[in-house]
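Chemist: Those sequence lines, one after another, are chains A and B.
Going by our numbering, 113 is the number at position 113 of the first sequence; the sequence numbering is gapless.
Going by our numbering, 1043 is the number at position 43 of the second sequence; the sequence numbering is gapless.
Built from N, CA and C at the ideal position, the CB exists for glycine as well.
Since we're looking at a predicted model, the values are computed, not measured.
Dropping a structure here in structure tokens format, bear with me for questions.
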Amino acid sequence: MSKKILIIDDDPDIVETMKTILESRSFTIETASNGTEGLEKVKSFNPDLIILDVMMDSITEGFHVSYKLRAPEPESEYAKWSKVPIVMVSAINTTSHFKYSPQTDSDYLPVDEFLNKPIEPATLLAAVEKSLLK
Amino acid sequence: MAYAPKGFEIRIFELISRIRWFIHLRWAAVLIVAAIVAFASRILKVAILERQLYVCVCVMIAGNIIFAYSLKKLFSPHGIENIKSRAHTAVAMANFQIAFDLVLLTALIHFAGGIDNPFNFYYMFHIALASMLLNRFYCFIQAALASVLYSSLIIFEYLKVFDHHAIYSSLPCNYGSLKTAGVLTAFTTSAFIMAYITTSVSERLMLKENLLLETNLKLVELDSKKSEFVMMVAHEIKSPLATVQFMLKSLHEGYGGKVTDEKALETITKIENRAAGLLKLVNDLLDMSKIKTGFGAKEFKKVRLAEILKKAVENNKIRASASSIEIKEAVLGKEEELVIDGDAEYIENSFFNVISNAVKYSNKGGAVEISLERAAGNVIFKCKDRGIGIPANELSSIFDEFHRSSLAKKHTSEGTGVGMAITKRIVEYHGATIGVESEVDAGTIFTITFPLENKMNEKA
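Listed below in structure tokens is the structure:
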């Protein structure tokens, strides 16, 4: 069965291009254009991996989504997906260098990969495949 | 005149540093007084009360130790925090110290001849000092205090309430009422006129200084607003540009259906290159404004410059080998001694900029020599190329934003003219300096000197 990927990004062109690229490797794709919709789709679509943009409706929306999924409150409805790998993609300048790690603490951003825009098809595929293998 | 809060803080800072200077001055005064007393009594054999005078000197020393200690304690980073109470404390301190000196001077004069002593002029110094430390009101109070102290001393000696220790045996110890009144009138009027003149001058200066300070603060604020605006705009441009590049790449690589026509592929490549150039400019602008708006409050850590240098060289290698340019790097001395306090990422950025410029403006088959060494409390980074050079009349503007030298433009259309401006800001942020020597057609040498003891970060 092909792996399911959820793309959460507010830029429809990026979403479409990512979809084309990932579908060429026979992934099943679902998309969402903001954090709230993304979280809904997590529940309904049950993805194997999430590609997440940072700046959407708010500047840090992607961070909130990743914290909600990765560090769920006890009893949270998202607890089930706390192990789903997240590839974060953002145009935040490289010099701001976010730290990322699969673990969560106050210092670390709980994602598996962090890609700086502009990305290339090859880097996207590599990051996705690497995260899925874990 | 209402002060901007920031200007007010600077004023207080200045008052405190003047008080510190005032304390240093008092140490000099201690020496001078002790020397005069010794000279007058031992060499000139003037009949002054040497022992009492030395007691006064001791009081002066003790007082000054207490002043120095309390200044350090109260205004240390852990001292008074509230800016208003800092101001009140500083003013009170200045007032108290001047009053202390006036009382002490009166005692010194009393034990050294009273009205006979010609050093009553020294009161005027204190009034001049008061005008530097305090506002007009307090300065007049200090002038009044000086007049009251000196007059009481003279009058009490005249009325024989205090003993008059005459120092000139040939002169009568009592001057008579007319002469005494004359001295006192001259003294008091001098004190007040002195206070008036000095505070007039210093108030004028202060007004001008305030104006400059406010203008400067406004400019700094405007500049940072401008940078924030640039940052916002650049972000807005960057996102769609990144999307464009991503889509072009996937088109080029055939994800959105095959493009087989050679000509079409060539055009796509050209568009990609232009988009990449534009993105580089936007990134430079972002860096620039980020650095201007305070470096995103970076924390300094111990960083090994040799390691940073290696990375910066590595990142320039592809480009260099494309033009058959050799990069030779030499780290002289132990790597663990080439350590400074700083931000690794920014320093790498500055090394990268200098090296990539050297590569960019070298001719095909040229060489770039880079060295890192320790010399006299500094770590020195040097980057030497044998490239096109920079015309002498343009050397001073190479660190300006968006400046590209006439030769650079001729050599390559690539480059945004922001790199060296960023580099200079980074270097200065680290308390370091950057220098350049160049000769047209012979090459250019960039030198960055990092002090091992970094004072910049402590201030911030």
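Helix, strand or coil for B/R1404 per DSSP?
Modeler: Three-state result, B/R1404: coil.
Chemist: Using a beta-carbon distance cut-off of less than 7 Å, what residues from the segment 1241-1258 of chain B approach chain A?
Modeler: Correct list: A1242, T1243, Q1245, F1246, M1247, K1249, S1250, E1253, Y1255 and G1256.
Chemist: Among the residues of its own chain, which have a CB less than 7 Å from the CB of B/F1399, if the five just before and after it don't count?
Modeler: So the list reads M1420, A1421 and K1424, once near-sequence residues are dropped.
Chemist: Look at the alpha carbon of B/A1038 and the alpha carbon of B/E1050, and state the distance between them as a whole number of angstroms.
Modeler: If you take the alpha carbons of B/A1038 and B/E1050, they lie about 8 Å apart.
Chemist: Between the beta-carbon of B/L1461 and the beta-carbon of B/I1370, is there less than 8 Å?
Modeler: This structure gives no information on residue 1461 of chain B, because the portion of chain B shown stretches from 1001 to 1460.
Chemist: Considering only their Cβ atoms, is the gap separating A/V111 from A/L49 smaller than 8 Å?
Modeler: No; because the gap between Cβ atoms is not below 8 Å, this pair is not in contact.
Chemist: Applying a beta-carbon distance threshold of less than 7 Å, which residues of chain A neighbour B/K1238?
Modeler: Simply A91.
Chemist: For the segment 1265-1287 of chain B, enumerate the residues whose C-beta is nearer than 9 Å to any C-beta of chain A, in chain order.
Modeler: Listed by position along the chain: A1275, A1276, L1279, N1283, L1286 and D1287.
Chemist: State buried or exposed for B/S1147, treating a residue as buried only when at least 16 other CB atoms are found within 10 Å of its CB.
Modeler: Label assigned to B/S1147: buried.
Chemist: Okay, do the segment 53-60 of chain A and the segment 19-27 of chain A touch, 3+ Cβ pairs below 8 Å being the bar?
Modeler: The segment 53-60 of chain A vs the segment 19-27 of chain A: no contact.
Chemist: Starting from the C-beta of B/N1210, find all residues in its chain whose C-beta is less than 6 Å away, skip the five residues before and the five after it, and write them out in chain order.
Modeler: Cβ neighbours of B/N1210 beyond the five flanking positions: none.
Chemist: Please classify A/E113 as buried or exposed, where buried requires at least 16 other C-beta atoms within 10 Å of its C-beta.
Modeler: With 16 or more Cβ atoms within 10 Å of its Cβ, A/E113 is classed as buried.
Chemist: Measuring only the C-alpha atoms, how far is A/I7 from A/F45?
Modeler: Near 11 Å, if we compare the C-alpha coordinates of A/F45 and A/I7.
Chemist: Which same chain residues end up closer than 6 Å to B/A1143 when comparing Cβ atoms and leaving out the 5 residues on each side of it in sequence?
Modeler: Once the five neighbours on either side are set aside, the close Cβ partners of B/A1143 are I1127, A1191, F1192 and A1195.
Chemist: Hey, is A/D57's beta-carbon within less than 8 Å of any beta-carbon in chain B?
Modeler: A/D57 does not count as touching chain B.
Chemist: Buried or exposed: B/A1164, going by 16 or more other Cβ atoms within 10 Å of its Cβ?
Modeler: According to the sequence provided, residue 1164 of chain B is His. The question's Ala does not apply to it. With 16 or more other Cβ atoms within 10 Å, it is buried.
Chemist: Classify A/T123 as helix, strand or coil using the three-state DSSP reduction.
Modeler: Of the three classes helix, strand and coil, the one that applies to A/T123 here is helix, per DSSP.
Chemist: Can you tell me whether B/K1072 is buried or exposed? The criterion is at least 16 other CB atoms within 10 Å of its CB, across all chains shown.
Modeler: Result: exposed.
Chemist: The alpha helix (DSSP H) with A/D53 in it runs from where to where?
Modeler: Element bounds for A/D53: not the alpha helix (DSSP H) but the beta strand (DSSP E), L49 to D53.
Chemist: Quick one: which residues of the segment 10-43 of chain A get their C-beta closer than 7 Å to a C-beta of chain B? List them in chain order.
Modeler: Cβ contacts with chain B: D11, D13, I14, T17, T20, I21 and S24.
Chemist: Cβ of A/E129 less than 8 Å from any chain B Cβ?
Modeler: Closer than 8 Å: no.
Chemist: List the endpoints of the continuous alpha helix (DSSP H) containing B/L1483.
Modeler: Chain B is shown from 1001 up to 1460; residue 1483 of chain B falls before or after that span and cannot be answered.
Chemist: Among the residues of its own chain, which have a CB less than 7 Å from the CB of B/R1374, if the five just before and after it don't count?
Modeler: Around B/R1374: G1333, E1337 and L1338.
Chemist: When the Cα atoms are used, what is the spatial distance from B/I1010 to B/L1407?
Modeler: So the alpha carbons of these two residues sit roughly 44 Å apart.
Chemist: Where do the ends of the beta strand (DSSP E) carrying B/E1329 lie?
Modeler: Here the beta strand (DSSP E) through B/E1329 covers E1326 to V1331.
Chemist: Grab me the residues of B/A1107's own chain with a C-beta within less than 6 Å of its C-beta, minus the 5 sequence neighbours each way, in chain order.
Modeler: Contacts found: C1056.
Chemist: Apart from the five residues just before and just after B/E1394, which ones in its own chain have a Cβ nearer than 6 Å to its Cβ?
Modeler: Contacts found: S1405.
Chemist: Do you know how far the Cα of B/A1166 is from the Cα of B/L1044?
Modeler: Going from the Cα of B/L1044 to the Cα of B/A1166 covers about 15 Å.
Chemist: Check the Cβ of A/I119 against every Cβ in chain B and list those closer than 7 Å, keeping chain order.
Modeler: Those within 7 Å of A/I119 in chain B are F1246.
Chemist: Given that a residue counts as buried once 16 or more other Cβ atoms are within 10 Å of its Cβ, and exposed if not, what is A/G62?
Modeler: Flag for A/G62 reads buried.
Chemist: Classify A/R25 as helix, strand or coil using the three-state DSSP reduction.
Modeler: Three-state DSSP puts A/R25 in coil, outside helix and strand.
Chemist: Decide if B/D1441 is buried, meaning its Cβ has at least 16 other Cβ atoms within 10 Å, or exposed.
Modeler: By the 10 Å Cβ count, B/D1441 comes out exposed.
Chemist: Does A/D112 come out as helix, strand or coil in the three-state DSSP assignment?
Modeler: Coil.
Chemist: Between B/E1414, B/S1350, B/S1085 and B/Q1097, which has its C-alpha nearest B/N1273's C-alpha?
Modeler: Nearest option by C-alpha distance: B/E1414.
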